[in-house]
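Engineer: One structure coming up, written as C-alpha coordinates, with questions to follow.
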Amino acid sequence: MKRAASIFLLGAMVLSLAACGKTAKESPAAAPVETTAPVETAAANEEEHAISGVVNKMGDFLTLLVDGEYLIFDFAKDLKVDGISEGDDVTVVYTGALDNEETPPVAIEIAKNET
(Lines of atoms letter the chains of each structure in order from A and count residues from 1; the text may use other names and numbers.)
(Lines give C-alpha, C1' and ligand atoms only; values in the text may rest on other atoms or scores of the structure.)
Protein backbone atom coordinates (compact mmCIF):
# COMPACT_ATOMS: atom_id res chain seq x y z
CA MET A 1 0.00 0.00 0.00
CA LYS A 2 2.82 2.40 0.88
CA ARG A 3 4.55 1.55 -2.38
CA ALA A 4 1.43 2.34 -4.45
CA ALA A 5 0.92 5.64 -2.62
CA SER A 6 4.55 6.71 -3.16
CA ILE A 7 4.37 5.84 -6.87
CA PHE A 8 1.13 7.81 -7.16
CA LEU A 9 2.70 10.83 -5.41
CA LEU A 10 5.83 10.62 -7.57
CA GLY A 11 3.68 10.63 -10.71
CA ALA A 12 1.70 13.63 -9.44
CA MET A 13 4.91 15.56 -8.75
CA VAL A 14 6.31 14.82 -12.23
CA LEU A 15 3.06 15.94 -13.87
CA SER A 16 2.95 19.15 -11.82
CA LEU A 17 6.53 20.02 -12.81
CA ALA A 18 5.76 19.37 -16.46
CA ALA A 19 2.72 21.65 -16.28
CA CYS A 20 4.83 24.55 -14.96
CA GLY A 21 7.32 24.46 -17.84
CA LYS A 22 7.50 27.43 -20.22
CA THR A 23 7.09 27.09 -23.93
CA ALA A 24 8.11 29.74 -26.45
CA LYS A 25 5.16 31.19 -28.31
CA GLU A 26 5.50 33.45 -31.31
CA SER A 27 3.38 36.56 -31.31
CA PRO A 28 1.08 36.78 -34.33
CA ALA A 29 1.15 40.59 -34.24
CA ALA A 30 3.89 42.08 -36.36
CA ALA A 31 5.58 45.38 -35.57
CA PRO A 32 4.30 48.34 -37.59
CA VAL A 33 6.13 49.18 -40.78
CA GLU A 34 8.40 52.20 -40.53
CA THR A 35 7.94 54.92 -43.10
CA THR A 36 11.63 55.75 -43.57
CA ALA A 37 14.89 53.89 -43.41
CA PRO A 38 17.03 54.29 -40.27
CA VAL A 39 19.49 57.17 -40.30
CA GLU A 40 22.61 57.09 -38.16
CA THR A 41 23.09 60.20 -36.02
CA ALA A 42 26.61 61.12 -35.09
CA ALA A 43 25.81 62.98 -31.87
CA ALA A 44 23.77 60.38 -29.99
CA ASN A 45 25.11 57.41 -31.95
CA GLU A 46 21.54 56.06 -32.13
CA GLU A 47 19.45 55.36 -35.17
CA GLU A 48 16.54 57.64 -35.95
CA HIS A 49 13.31 56.19 -37.31
CA ALA A 50 10.07 57.80 -38.46
CA ILE A 51 6.53 56.49 -38.26
CA SER A 52 3.15 58.05 -39.07
CA GLY A 53 -0.08 57.68 -37.15
CA VAL A 54 -2.86 59.46 -35.28
CA VAL A 55 -2.25 61.05 -31.87
CA ASN A 56 -4.44 59.13 -29.42
CA LYS A 57 -3.29 60.76 -26.20
CA MET A 58 -0.78 63.38 -25.13
CA GLY A 59 0.36 63.98 -21.57
CA ASP A 60 3.67 63.05 -19.99
CA PHE A 61 4.05 60.70 -22.97
CA LEU A 62 2.60 60.24 -26.46
CA THR A 63 0.24 57.44 -27.45
CA LEU A 64 0.15 57.01 -31.22
CA LEU A 65 -2.37 54.84 -33.08
CA VAL A 66 -0.74 53.06 -36.05
CA ASP A 67 -2.68 50.44 -38.04
CA GLY A 68 -4.92 49.59 -35.07
CA GLU A 69 -1.98 49.27 -32.66
CA TYR A 70 -1.14 51.72 -29.87
CA LEU A 71 2.50 52.78 -29.53
CA ILE A 72 3.88 54.68 -26.53
CA PHE A 73 6.69 57.25 -26.87
CA ASP A 74 8.54 59.27 -24.26
CA PHE A 75 9.36 62.88 -25.15
CA ALA A 76 12.89 64.19 -25.67
CA LYS A 77 13.81 66.93 -23.18
CA ASP A 78 13.73 69.80 -25.67
CA LEU A 79 10.82 68.56 -27.83
CA LYS A 80 8.20 71.21 -28.61
CA VAL A 81 4.67 69.85 -29.06
CA ASP A 82 2.92 73.18 -29.60
CA GLY A 83 0.08 72.90 -32.12
CA ILE A 84 -0.14 69.10 -31.84
CA SER A 85 -3.32 67.74 -30.28
CA GLU A 86 -5.23 64.48 -29.94
CA GLY A 87 -6.67 63.30 -33.26
CA ASP A 88 -3.93 64.90 -35.39
CA ASP A 89 -2.29 62.82 -38.15
CA VAL A 90 1.44 63.14 -37.44
CA THR A 91 4.86 61.78 -38.28
CA VAL A 92 7.06 61.01 -35.28
CA VAL A 93 10.84 60.83 -35.56
CA TYR A 94 12.16 58.72 -32.69
CA THR A 95 15.14 56.82 -31.33
CA GLY A 96 14.98 53.42 -29.66
CA ALA A 97 12.96 50.32 -30.46
CA LEU A 98 9.19 50.06 -30.77
CA ASP A 99 9.09 46.56 -29.29
CA ASN A 100 10.97 47.42 -26.08
CA GLU A 101 8.34 47.73 -23.32
CA GLU A 102 10.84 48.44 -20.53
CA THR A 103 12.40 51.45 -22.29
CA PRO A 104 9.93 53.10 -24.68
CA PRO A 105 11.23 54.88 -27.77
CA VAL A 106 11.91 58.62 -27.42
CA ALA A 107 10.15 61.05 -29.75
CA ILE A 108 12.64 63.69 -30.89
CA GLU A 109 10.42 65.38 -33.49
CA ILE A 110 6.67 65.48 -34.18
CA ALA A 111 5.22 67.08 -37.29
CA LYS A 112 1.63 67.28 -38.55
CA ASN A 113 0.98 65.52 -41.84
CA GLU A 114 -0.66 67.56 -44.61
CA THR A 115 -4.10 66.27 -45.58
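The C-terminal residue of the sequence shown carries number 119 in my numbering, and the numbering is unbroken.
No residue lacks a Cβ here, since even glycine has one placed at the ideal position from N, Cα and C.
1) Keeping to the same chain, check which residues put their C-beta closer than 8 Å to that of M62; ignore five residues upstream and five downstream.
2) Which residue marks the beginning of the beta strand (DSSP E) containing N60, and which one marks its end?
3) What residues in its chain sit with their C-beta under 7 Å from that of G15, if we drop five residues either side in the sequence?
4) Specify, as a first and last residue, the run of the beta strand (DSSP E) that F65 falls within.
5) Leaving out the 5 sequence neighbours to the left and right, which residues in its chain are closer than 8 Å to Y74 when beta-carbon positions are compared?
6) How far does the beta strand (DSSP E) with L75 in it extend, from its first residue to its last?
7) Hey, T95 and A80: beta-carbon distance below 8 Å or not?
8) May I ask you to report which of helix, strand or coil DSSP gives A16?
Structural biologist: So, to answer that:
1) By one-based count along the sequence shown, residue 62 stands at place 58. Contacts found: V85, I88, S89, E90.
2) Taking the first residue of the sequence shown as 1, we reach residue 60 at position 56. Taken as a continuous stretch (DSSP letters only), the beta strand (DSSP E) holding N60 covers 51–62.
3) Your numbering for residue 15 matches position 11 in the sequence shown. Cβ neighbours of G15 beyond the five flanking positions: none.
4) For the purposes of this step, residue 65 is taken as the residue at position 61 of the sequence shown. It is not in any beta strand (DSSP E) - F65 carries neither H nor E in the DSSP assignment.
5) Position 70 of the sequence shown holds residue 74. Here the set comprises N60, T67, L68.
6) Taking the first residue of the sequence shown as position 1, residue 75 is located at position 71. 73–79 is the span of the beta strand (DSSP E), which, as asked, contains L75.
7) If you number the sequence shown from 1, residue 95 lands on position 91. If you number the sequence shown from 1, residue 80 lands on position 76. Taking 8 Å as the Cβ cut-off, T95 and A80 do not qualify as a contacting pair.
8) Here residue 16 corresponds to residue number 12 of the sequence shown, with the count starting at 1. The answer is helix: DSSP assigns A16 an H, G or I state.
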